[in-house]
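S.K.: Going by the numbering used here, the sequence shown opens with residue 128, and the numbers climb by one from there. Backbone N, C-alpha and C define an ideal beta-carbon position, used for all residues, glycine too.
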Amino acid sequence: MKYFILFGPPGAGKGTHAAPLEKEFNLLHISTGELLRKEIAAGTELGKQAAALIEKGDLVPDAVVEGMIANTFAANPDVKGFLLDGFPRTVQQAMDLDEMLESRDERVTGVISLMIPDEEIKTRIQGRAQIEGRADDASDEIIANRIRNYHAKTEPLIEIYKEKGLYFEVDGVGSIDEVQDRVFAAVNKLF
Ligand code: AMP
Numbered sequence: 128m129k130y131f132i133l134f135g136p137p138g139a140g141k142g143t144h145a146a147p148l149e150k151e152f153n154l155l156h157i158s159t160g161e162l163l164r165k166e167i168a169a170g171t172e173l174g175k176q177a178a179a180l181i182e183k184g185d186l187v188p189d190a191v192v193e194g195m196i197a198n199t200f201a202a203n204p205d206v207k208g209f210l211l212d213g214f215p216r217t218v219q220q221a222m223d224l225d226e227m228l229e230s231r232d233e234r235v236t237g238v239i240s241l242m243i244p245d246e247e248i249k250t251r252i253q254g255r256a257q258i259e260g261r262a263d264d265a266s267d268e269i270i271a272n273r274i275r276n277y278h279a280k281t282e283p284l285i286e287i288y289k290e291k292g293l294y295f296e297v298d299g300v301g302s303i304d305e306v307q308d309r310v311f312a313a314v315n316k317l318f
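1. Please determine whether the Cβ atom of D205 lies at a distance below 8 Å from any heavy atom of ligand 1.
2. Do the region 149-159 and the region 212-226 touch if we need at least three Cβ pairs shorter than 8 Å?
3. Here's the rule I'm using: 16 or more other beta-carbon atoms within 10 Å means buried, otherwise exposed. How should P136 be labelled?
4. In or out: I239 buried (at least 16 other Cβ within 10 Å) or exposed?
5. Short of 7 Å in beta carbon distance, which residues of its chain neighbour G299, apart from the five on each side in sequence? Order them along the chain.
6. Given the structure, does D225 come close to ligand 1, in the sense that its CB is under 8 Å from one of the ligand's heavy atoms?
7. For I106, does the three-state DSSP call read helix, strand or coil?
8. Can you check whether the CB of L148 is closer than 9 Å to the CB of V314?
9. Per DSSP, which one or two residues make a beta bridge with V310?
10. Does the distance between the C-beta of L186 and the nearest non-hydrogen atom of ligand 1 fall short of 8 Å?
11. Would the beta-carbon of A177 fall within 9 Å of that of E166?
12. Ligand 1 heavy atoms versus the CB of G160: any closer than 8 Å?
13. Which residue's Cα is closest to the Cα of I252: G237, T236, I269?
14. Which residue or residues does DSSP assign as beta-bridge partners of E296?
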C-alpha cells in the first residue's frame, strides 16, 4: 500500500489538492482536522476536548489523532493507499506513524510538501474564513498561533523526511490548476 503525507503550513492547499489526488490515484484521504471537526459537530466527548484546543489554534494530543488514524487504517483494508493530510504534525507523531506502519509491514511512500510563505498563509486563511466559517480561521491571533505551532512543532519534520529521502517539495504559490499539476507530477513519480 502507498502511504503519502500531504505536508505544509495551514492554508497551503492540502485539503484542496487532496480531493483530486484521492480520485486520480485511488487513495483514501484522511484529514485529521476534518475528523476532529466531525467529532465536534457530533458533540462527542473527544470532540468537546478537542474543540477547546482547536479554537485556540493549539494542537490536540498526539494520542487522540493517532487513535483516529489507526482506526481509519484498520477500517479500510481494500484501498490502494492513504493520503494523510494534517498528520503527522509533530516529531512524536512521525515516530509513532513509523511504528504503526512497521507493524503493518509498510512504510511512508513519500511526503508531498506544499510550500507557501507566511504572508500568503494569513491571506489564504482569511479568505477561507469567509467561505468555510471555521472557528480557528476567525481571528488574527489564532492564525498567528497556528503559524507559530507550525514552525515550532511541524517544520522540524522536513529535515527528518529529507534525511530519509522521502521529502518532495512543491511550490504552493500559483493557480489551483498549476499547483495541482506539480502535485500530480510529484505523486506520479512515486507510483
Ligand atoms: P487542519 O484542518 O489540518 O488545519 O486542522 C485543524 C486543527 O485540528 C489544528 O489546528 C489542530 O488544532 C487540530 N489538528 C489537526 N491535525 C492534528 C494533528 N495531527 N495533531 C494535533 N492536532 C491536530
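M.R.: Reading off the structure:
1. Sequence index remark: in the sequence shown, residue 205 carries index 78 (1-based). For ligand 1, not one heavy atom lies less than 8 Å from the Cβ of D205.
2. yes
3. What you label residue 136 is simply residue 9 of the sequence shown in a count that begins at 1. Label assigned to P136: buried.
4. One-based indexing of the sequence shown puts residue 239 at position 112. I239 comes out buried.
5. As a working mapping, residue 299 is identified with position 172 in the sequence shown. Within the same chain, G299 has close Cβ partners G135, A139, G140, L241, M242, I243, V306.
6. Numbered from its first residue, the sequence shown carries residue 225 at position 98. Outside the cutoff, so no.
7. Past the boundaries of the shown model lies residue 106; the chain is included only from 128 to 318, so the question cannot be answered.
8. Numbered from its first residue, the sequence shown carries residue 314 at position 187. Numbered from its first residue, the sequence shown carries residue 148 at position 21. Closer than 9 Å, so yes.
9. Along the sequence shown, read from residue 1 onward, the residue named residue 310 stands at position 183. Paired residues: none, contrary to the question.
10. Stepping through the sequence shown from its first residue, residue 186 is reached at position 59. It does: the Cβ of L186 is within 8 Å (strictly closer) of some heavy atom of ligand 1.
11. As a position in the sequence shown, residue 177 is number 50, starting the count at 1. As a position in the sequence shown, residue 166 is number 39, starting the count at 1. Yes, they are a contact pair.
12. For the purposes of this step, residue 160 is taken as the residue at position 33 of the sequence shown. It does: the Cβ of G160 is within 8 Å (strictly closer) of some heavy atom of ligand 1.
13. Along the sequence shown, read from residue 1 onward, the residue named residue 252 stands at position 125. Looking at the Cα atoms, I269 is the closest of the given residues.
14. Numbered from 1 along the sequence shown, position 169 holds the residue referred to as residue 296. Partner(s): S240.
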